[in-house]
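> Attaching a single structure in structure tokens format; questions to follow.
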Amino acid sequence: MSAENDVLEVTIDRMNMEDLPQILEIEKESFPAPWSPGMFINEMNNPAAQCICARVNFDKKSVVVAYTIFRFVVDVVHLHNLAVKNQFRRQHLASNLLNAMEEIAKKVGINAITLEVRPSNTAAIELYRQRGFIVKGRRPNYYPETKEDALIMWAYLK
């Protein structure tokens, strides 16, 4: 899969072990309690998980600038992780990854997506709302490092 971006030519494909250092860098700059390398490796080796990333050509090499990890849980996609490298934010990369996730879900007959998001992550909430997600619930103290709740959001694919 590849997607054209207003500024960047973006390629979306499967994450691989060679991507891990770049993925970890993005993870650390994106979250107060980043996933460990082992968590990413477990997801990459899990047949129920889909791990995809967005790459751009930058300084004559392919660079991972965003990624997402999601799982098929019965008849639903559960979005576990989505992050974009700071310098590449607001360039539609998260939308490109969500489009790819939705395409994969539709191919296997799944038409519902759920996720948890911090109420303080207003940029993510706005993106999800623009894409048709609605808040269906709240998990109190979901994020142990900050004791912040999680909003539970759902979207249904057409």
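Per numbering that gives the first Met the number 0, residue 0 is the first one in the sequence shown, and the count goes up by one each step.
Glycine included, C-beta positions come from ideal geometry on N, C-alpha and C.
Bear in mind that the values here come from a model prediction, so they are computed numbers and not experimental data.
In terms of alpha-carbon separation, which member of Q86, V116, K105, D148 lies closest to Y155?
As a first step, residue 155 is located in the sequence shown; it is residue number 156 there, counting from the start. Measuring from the Cα of Y155, the nearest candidate turns out to be K105.
> Less than 6 Å between C-beta atoms, sequence neighbours within five positions excluded: which residues of the same chain meet that for K84?
Numbered from its first residue, the sequence shown carries residue 84 at position 85. Excluding positions up to five away in sequence, the list reads I25, V64.
> Do three or more CB pairs link the stretch 138 to 152 to the stretch 105 to 115 at distances below 8 Å?
Because the criterion of three Cβ pairs below 8 Å is met, the stretch 138 to 152 and the stretch 105 to 115 touch.
> Quick check on this structure: which residue in I22, G108, A82, Q86 has the alpha carbon closest to the alpha carbon of D74?
On the sequence shown, position 75 is the one that residue 74 refers to. Of the listed residues, the one whose Cα sits closest to D74 is G108.
> Does DSSP put T121 in a helix, a strand or coil?
Taking the first residue of the sequence shown as position 1, residue 121 is located at position 122. Correct three-state label for T121: helix.
> Can at least three beta-carbon pairs, one atom from the stretch 32 to 50 and one from the stretch 123 to 131, be found at a separation below 8 Å?
Contact fails: fewer than three Cβ-Cβ distances are below 8 Å.
> By Cβ distance below 8 Å, which residues in the same chain neighbour M0 in space, the five residues on each side in sequence not counted?
Position 1 of the sequence shown, counted from the first residue, corresponds to residue 0. In this predicted model, M0 has a pLDDT of only 42, less than 50, meaning its place in the structure is not dependable enough to derive any value.
> Since L23 and P31 are thought to touch, with beta carbons under 8 Å apart, how far apart are those beta carbons, to the nearest angstrom?
Within the sequence shown, residue 23 is the residue found at index 24, counting from 1. Within the sequence shown, residue 31 is the residue found at index 32, counting from 1. Contact flag wrong, Cβ pair sits at about 15 Å.
> What does the Cβ neighbour count give for Y66, buried or exposed, with the cut at 16 atoms within 10 Å?
If you number the sequence shown from 1, residue 66 lands on position 67. Label assigned to Y66: buried.
> Here's a check: name, in chain order, each residue in its chain whose Cβ is nearer than 6 Å to the Cβ of L147, leaving out the five neighbours to either side.
Here residue 147 refers to the residue found at position 148 when the sequence shown is read from its first residue. Rather than Leu, the amino acid found at residue 147 in this sequence is Glu. Around E147: R117.
> Taking F25 as part of the alpha helix (DSSP H), name the residues at either end of that continuous run.
As a first step, residue 25 is located in the sequence shown; it is residue number 26 there, counting from the start. Looking at the sequence provided, one finds Ile at residue 25 rather than Phe. From DSSP, the alpha helix (DSSP H) with I25 extends over 19 to 29.
> Which residues share a DSSP beta bridge with Q49?
The count along the sequence shown starts at 1 and reaches residue 49 at position 50. In DSSP, Q49 forms a bridge with F69.
> According to DSSP, is E115 part of a helix, a strand, or is it coil?
For this step, residue 115 is matched to residue 116 along the sequence shown. Strand, per DSSP.
> Would you give the residue range spanned by the beta strand (DSSP E) that I109 belongs to?
As a working mapping, residue 109 is identified with position 110 in the sequence shown. Run containing I109: none; DSSP gives neither H nor E here.
> Who are the Cβ neighbours of I133 in its own chain at under 8 Å, not counting the five residues just before and after it?
By one-based count along the sequence shown, residue 133 stands at place 134. These residues qualify, in order along the chain: M152, W153, A154.
> Closer than 6 Å by C-beta to Q21: which residues in its own chain qualify, once you throw out the five before and the five after it? Chain order, please.
If you number the sequence shown from 1, residue 21 lands on position 22. Result list for Q21: V63, in chain order.
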